[in-house]
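> Heads up: the sequence shown begins at 1321 in this note's numbering, then just goes up one per residue. Just so you know, even glycine gets a beta-carbon here, dropped at the ideal spot from N, CA and C.
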Amino acid sequence: MAIETEQPRFDFNTYPPVGETDWGYVQAVAQVRAIEDGLFSKQFLTELANSRNFKELCDMLAGTDYPITASMTEEEIEQLLLSKRVETRKLFEQLINNEQIAILFRARVDFANLRLAIRRLVTEKPLGKDYLPQGNVAPDQFELAFEQEDYSGLPQFLQDDVEAAVLAYYKNKNVRDIDFEIERAESQFMTENAAKIGNVFLIELFRMQIDLTNIRTMMRQKLRNIDERDAYLAGGYIEISRLVQCMDVGYEALAAHFYATPYYHLVESGAAYLQKNNSFLKLEAGCDEHLLGYLKTTLYISAGIQPIIAYLLFKEHEIRMVRLVTAGNKALIKNDTMLDRIVV
1321 MAIETEQPRF
1331 DFNTYPPVGE
1341 TDWGYVQAVA
1351 QVRAIEDGLF
1361 SKQFLTELAN
1371 SRNFKELCDM
1381 LAGTDYPITA
1391 SMTEEEIEQL
1401 LLSKRVETRK
1411 LFEQLINNEQ
1421 IAILFRARVD
1431 FANLRLAIRR
1441 LVTEKPLGKD
1451 YLPQGNVAPD
1461 QFELAFEQED
1471 YSGLPQFLQD
1481 DVEAAVLAYY
1491 KNKNVRDIDF
1501 EIERAESQFM
1511 TENAAKIGNV
1521 FLIELFRMQI
1531 DLTNIRTMMR
1541 QKLRNIDERD
1551 AYLAGGYIEI
1561 SRLVQCMDVG
1571 YEALAAHFYA
1581 TPYYHLVESG
1591 AAYLQKNNSF
1601 LKLEAGCDEH
1611 LLGYLKTTLY
1621 ISAGIQPIIA
1631 YLLFKEHEIR
1641 MVRLVTAGNK
1651 ALIKNDTMLD
1661 RIVV
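1) Which term fits K1596, buried or exposed, when burial requires 16 or more other beta carbons within 10 angstroms of its beta carbon?
2) Please list the terminal residues of the continuous alpha helix (DSSP H) segment that includes V1664.
3) Just to confirm my understanding: we take V1569, look at its own chain, exclude 5 residues before and 5 after, and list those with CB closer than 6 Å. What are they?
4) My assumption, with CB atoms under 8 Å, is that A1348 sits in contact with L1415. Please give the rounded CB distance.
5) Which whole runs of the alpha helix (DSSP H) in the stretch 1528 to 1579 are 4 residues long or more, in chain order?
6) Compare the beta carbon distance of A1484 and E1469 with 8 Å and say whether it is the shorter of the two.
7) Over what stretch of residues does the alpha helix (DSSP H) that includes R1670 continue unbroken?
8) Is the Cβ-Cβ distance between A1505 and D1481 less than 8 Å?
9) By the 10 Å Cβ neighbour count, where 16 or more other Cβ atoms means buried, how is R1353 classified, buried or exposed?
10) Please go through the stretch 1589 to 1634 and give each complete alpha helix (DSSP H) segment of 4 or more residues, from N-terminal end onward.
11) Taking 7 Å as the limit between beta carbons, can you name the residues of its chain near I1558, skipping five residues before and five after?
12) Closest to V1495 by C-alpha separation, out of F1462, L1377, R1409, A1437, would be which residue?
13) Return the first residue and the last residue of the alpha helix (DSSP H) that R1440 is part of.
See the structure below:
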C-alpha cells in the first residue's frame, strides 16, 4: 500500500533565492564575467566524448586550459587537472577577499583529508603523504598530526570530528560509518558558519547540497536493501522521515514522494535509470544539473559573492567532466554512457 505523506512546503518553485547585490564586488564580478565565457559548452564536451580515439581528444583540447597530450600517463594527466584546480581556487580566494568565506571552502579539503587519514588509521594502513593541498591545514601539518596522534594543532572543528569518526567506526567496525560521521560534521560546519556569515546564497547552496546528498544516500540504500537512517544529514529542505519512507515503495513510486519539491524530475529519471541499468549515472547527472541550474541564476547578479562562488563551482565541475571524458576514452567506455553523465 502506498504511504501518504504531506508534501514539504517550499517558498520557491525550482531554485531558492540567491540574495542581494553587493556593490563592493563590482570589479571582481567583472573579472569573473570576462573569464567565464571560456568555460566549456555542452556541445564541446559532447564532441570530446564522441572523439574516435585519445589522440583526437587531445587534439581538441590543444589550446584550452587542459593541454593533455597522447603521450601523457594517467598520473601526469591527473597532475595537470589538479594544478588547474589549485589555480582556480587561488583565483577564487583573491576575488572573494573574505577570510570567513575562504575558510568555508578550504574546509572541504580539510574534511576530505580527514576522511582519508582516519580510514587509514583505523584500518592500520600507512598514513601516506598524498593529502590534498589548499585546505585550512597544510598537508605536512595534517600528516604530522596523525603520525604523532596529537591533534591539538588542528582547528577545533577537525579535532572534534577525529574522535567522533573513530568512535563511529569502532561501534560497528564499518568504514562507511567514518564517512557518515564526517559528512555530518562537514554539513553542520558549513550550514552553521553560513548562518553566522548571514549570506542567503551560501545558506541556500548548502541546504540544497544536503538535499542532493540525502537523495543519493536514499537511492543507494534502496539498491542495497539496507536501512541506515543515521546516514541522512540534517539541515536540508527534505524531511528525513520522507526519505526513510521511500524505502517502503517501489522505484516507480519514488518520484511521487517528491512531486511538490524541486527534485521530482531528477528522482524520476534517476530511479528509472537505476531500475533499468543498475547504475546511479543518471541520478548523479540529475543532481549535478540541478546544482548547476541554481548557480546559473547568479548570472543576473551584477555584483556580489554569488557569481564568484558560482565560477569556482562551475570550473571545478568542468575539471571533473574533463577527467570523466579522458578516463572514459582511455578505458574505451561507450560514448552513450559518457553522454548520459555529461552535464553543463
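According to the structure shown:
1) Result: exposed.
2) Looking at the DSSP string, V1664 is not in any alpha helix (DSSP H), and its letter there is neither H nor E.
3) Excluding positions up to five away in sequence, the list is empty.
4) That belief holds up - the Cβ atoms of A1348 and L1415 are roughly 4 Å apart, short of 8 Å.
5) Within the stretch 1528 to 1579, complete alpha helix (DSSP H) segments of at least 4 residues are found at 1560 to 1565, 1571 to 1574, given in chain order.
6) Not a contact, by the Cβ cut-off of 8 Å.
7) For the chain, the structure presents residues 1321 to 1664; residue 1670 sits outside this window and is missing.
8) The Cβ atoms of A1505 and D1481 sit closer than 8 Å to each other.
9) In summary, R1353 is exposed, with fewer than 16 beta-carbon neighbours lying within 10 Å of its beta-carbon over all protein chains present.
10) You should have 1601 to 1616.
11) The residues P1328, D1531, N1534, T1581, in chain order, have a CB closer than 7 Å to that of I1558 in the same chain once the five nearest residues on each side in sequence are set aside.
12) For V1495, the nearest C-alpha among the options comes from A1437.
13) Where R1440 is concerned, the enclosing alpha helix (DSSP H) starts and stops at 1419 to 1442.
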